[in-house]
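Engineer: Quick note, the sequences are listed as chains V and H, same order.
Counting from 20, one number per residue, gives the positions in the first sequence under the numbering used here.
Counting from 1167, one number per residue, gives the positions in the second sequence under the numbering used here.
Built from N, CA and C at the ideal position, the CB exists for glycine as well.
Got a structure for you, written out below as structure tokens; questions coming shortly.
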Amino acid sequence: QSALTQPRSVSGSPGQSVTFSCTGTSSDVGGNNYVSWYQQHPGKAPKLMIYAVSKRPSGVPDRFSGSKSGNTASLTISGLQAEDEADYYCCSYAGSNTWVFGGGTKLTVL
Amino acid sequence: QVQLQQSGPGLVKPSQTLSLTCAISGDSVSSNSGAWNWIRQSPSRGLEWLGRTYYRSQWYTDYAVSVKSRITINPDTSKNQFSLQLNSVTPEDTAVYYCVSGTLGRGFDYWGQGTLVTVSS
Chain V
20 QSALTQPRSV
30 SGSPGQSVTF
40 SCTGTSSDVG
50 GNNYVSWYQQ
60 HPGKAPKLMI
70 YAVSKRPSGV
80 PDRFSGSKSG
90 NTASLTISGL
100 QAEDEADYYC
110 CSYAGSNTWV
120 FGGGTKLTVL
Chain H
1167 QVQLQQSGPG
1177 LVKPSQTLSL
1187 TCAISGDSVS
1197 SNSGAWNWIR
1207 QSPSRGLEWL
1217 GRTYYRSQWY
1227 TDYAVSVKSR
1237 ITINPDTSKN
1247 QFSLQLNSVT
1257 PEDTAVYYCV
1267 SGTLGRGFDY
1277 WGQGTLVTVS
1287 S
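Put into structure tokens, the structure is as follows:
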């Protein structure tokens, strides 16, 4: 499978909202409701922020929300904070019990 | 709260076998609702799901097509852990390897600390 497509970088000021896109195909993102999003700070393991397109694990602030339309999934962070600066990765079930990740988007908080 | 503790060598010679182990606490490798994955990350390949093992009245494994001919993931019920073996490694297999719990319905929710494995002579 090919990796999901994510923009290389996104930036925003504190308090603003930012949205990350994740584009796949009908074989992955468009074909199921198992898209997840991960936040990764430098030198740390990724952290699950959203699963099943729009569900938040316990402890993840409700500033983080997910959605999907067709072959594109989105992660939105509202009320941007300095500690949100990190890399963000999307992941989708790709059929046949396999998963595919996106290349990641670097978020800069200005 | 699930915790995953990885162990294994950080340097492997080309053509040899990469072996890592992941010890589980807070859950059971034999859980009928869990799944135990290996995911790696490198600058060139990004995050890449490699495979998983899980128990649903019997043991199952699934592997990524890219490594299917070289990979083995095994559970060890006596030690509540699971392992990764990747054969015939090349420098392209140099990456940080993570053991991760997670299922289709809940995402990859708990991650090990990561092990940087360098393939070099």
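How close, in whole Å, do the beta carbons of H/Y1289 and H/L1250 come, if the pair is a contact with beta carbons under 8 Å?
Structural biologist: In the structure as shown, chain H begins at 1167 and stops at 1287. Residue 1289 of chain H is therefore absent and cannot be evaluated.
Engineer: Relative to the alpha-carbon of H/Q1279, which residue among H/W1204, H/S1196, H/Y1221 and H/L1184 has its alpha-carbon at the smallest distance?
Structural biologist: Against the second sequence, residue 1279 of chain H aligns to sequence position 113. Closest by alpha carbon: H/W1204.
Engineer: Mind listing the chain H neighbours of V/F83? Cutoff is C-beta to C-beta under 7 Å, in chain order.
Structural biologist: Locating residue 83 of chain V in the first sequence gives position 64, counting from the first residue. By Cβ distance, chain H contributes nothing, its closest Cβ being about 13 Å from V/F83, past 7 Å.
Engineer: Measure how close the beta-carbons of V/L67 and H/G1273 come, nearest whole angstrom, since I'm counting them as under 8 Å.
Structural biologist: Residue mapping note: residue 67 of chain V aligns to position 48 of the first sequence, counting from 1. Residue mapping note: residue 1273 of chain H aligns to position 107 of the second sequence, counting from 1. Between H/G1273 and V/L67 the Cβ distance is about 5 Å, and since that is below 8 Å, they are a contact.
Engineer: So V/N116 contacts chain H; which residues on that side make the cut at Cβ distance below 7 Å?
Structural biologist: As a first step, residue 116 of chain V is located in the first sequence; it is residue number 97 there, counting from the start. Correct list: D1228.
Engineer: Helix, strand or coil for H/D1228? Go by DSSP, reduced to three states.
Structural biologist: Stepping through the second sequence from its first residue, residue 1228 of chain H is reached at position 62. Strand.
Engineer: Using a Cβ-Cβ distance cut-off of 8 Å, determine whether H/G1192 contacts chain V.
Structural biologist: Indexing the second sequence from 1 puts residue 1192 of chain H at position 26. No - not a single Cβ of chain V is within 8 Å of the one on H/G1192.
Engineer: Let me know the secondary structure DSSP gives V/A101 once reduced to three states.
Structural biologist: Here residue 101 of chain V is taken as the residue at index 82 of the first sequence, counted from 1. V/A101: helix per DSSP, three-state reduction.
Engineer: Given H/N1253, which residues of its chain have a CB within under 7 Å of its CB, disregarding the five upstream and five downstream residues?
Structural biologist: The residue you call residue 1253 of chain H lines up with position 87 of the second sequence. Only T1183 and R1236 meet the Cβ criterion.
Engineer: Check each residue of the region 1265-1283 of chain H: if its Cβ is closer than 9 Å to any Cβ of chain V, include it; give the result in chain order.
Structural biologist: Under the 9 Å Cβ criterion, the region 1265-1283 of chain H contributes V1266, G1268, L1270, G1271, R1272, G1273, F1274, D1275, Y1276, W1277, G1278, Q1279 and G1280.
Engineer: Do the region 96-112 of chain V and the region 52-67 of chain V meet, that is, are 3 or more Cβ pairs less than 8 Å apart?
Structural biologist: Two segments are said to touch when three or more pairs of C-beta atoms, one from each, lie closer than 8 Å; by this definition the region 96-112 of chain V touches the region 52-67 of chain V.
Engineer: For H/L1270, write down the residues that DSSP places opposite it in a beta bridge.
Structural biologist: Along the second sequence, one-based indexing puts residue 1270 of chain H at 104. According to DSSP, H/L1270 bridges with nothing at all.
Engineer: Taking the alpha-carbon positions, what's the V/R27 to H/W1277 distance?
Structural biologist: Within the first sequence, numbered from 1, the residue matching residue 27 of chain V stands at position 8. Within the second sequence, numbered from 1, the residue matching residue 1277 of chain H stands at position 111. Approximately 24 Å between the Cα atoms of the pair.
Engineer: So, are the CB atoms of V/V128 and V/L94 less than 8 Å apart?
Structural biologist: Counting from 1 along the first sequence, the entry for residue 128 of chain V is found at position 109. Counting from 1 along the first sequence, the entry for residue 94 of chain V is found at position 75. Cβ distance not < 8 Å, so V/V128 and V/L94 don't count as in contact.
Engineer: So for H/P1241, helix, strand or coil by DSSP?
Structural biologist: Start at 1 with the first residue of the second sequence, and residue 1241 of chain H comes out as number 75. The answer is strand: DSSP assigns H/P1241 an E or B state.
Engineer: Given that H/G1202 touches chain V, what residues does it touch there, using C-beta distances under 7 Å?
Structural biologist: The count along the second sequence starts at 1 and reaches residue 1202 of chain H at position 36. Gly is not the amino acid found at residue 1202 of chain H; the sequence shown has Trp there. Per Cβ cutoff of 7 Å: no residues; H/W1202 is ~13 Å from chain V at best.
Engineer: Please list the residues of the region 42-65 of chain V that have a C-beta atom closer than 7 Å to any C-beta atom in chain H, keeping them in chain order.
Structural biologist: Y53, S55, A64 and P65
Engineer: Considering V/I57, what are the terminal residues of the beta strand (DSSP E) in which it resides?
Structural biologist: The sequence position of residue 57 of chain V within the first sequence is 38, counting from 1. Rather than Ile, the amino acid found at residue 57 of chain V in this sequence is Tyr. Unbroken beta strand (DSSP E) run through V/Y57: V54 to Q59.
Engineer: Can a CB atom of chain H be found closer than 8 Å to the CB of V/A92?
Structural biologist: What you label residue 92 of chain V is simply residue 73 of the first sequence in a count that begins at 1. No, no contact with chain H.
Engineer: Straight-line CA distance for V/S45 to H/S1287?
Structural biologist: Within the first sequence, numbered from 1, the residue matching residue 45 of chain V stands at position 26. Within the second sequence, numbered from 1, the residue matching residue 1287 of chain H stands at position 121. Computed Cα separation, rounded: 42 Å.
Engineer: When the cut-off is 8 Å and only beta carbons count, does H/W1225 lie next to chain V?
Structural biologist: Sequence index remark: in the second sequence, residue 1225 of chain H carries index 59 (1-based). Contacts with chain V at 8 Å (Cβ-Cβ) do not include H/W1225.
Engineer: Taking only beta-carbon positions, decide if H/G1212 is within less than 8 Å of chain V.
Structural biologist: Residue numbering aside, residue 1212 of chain H sits at position 46 when the second sequence is read from its first letter. Yes, contact with chain V.
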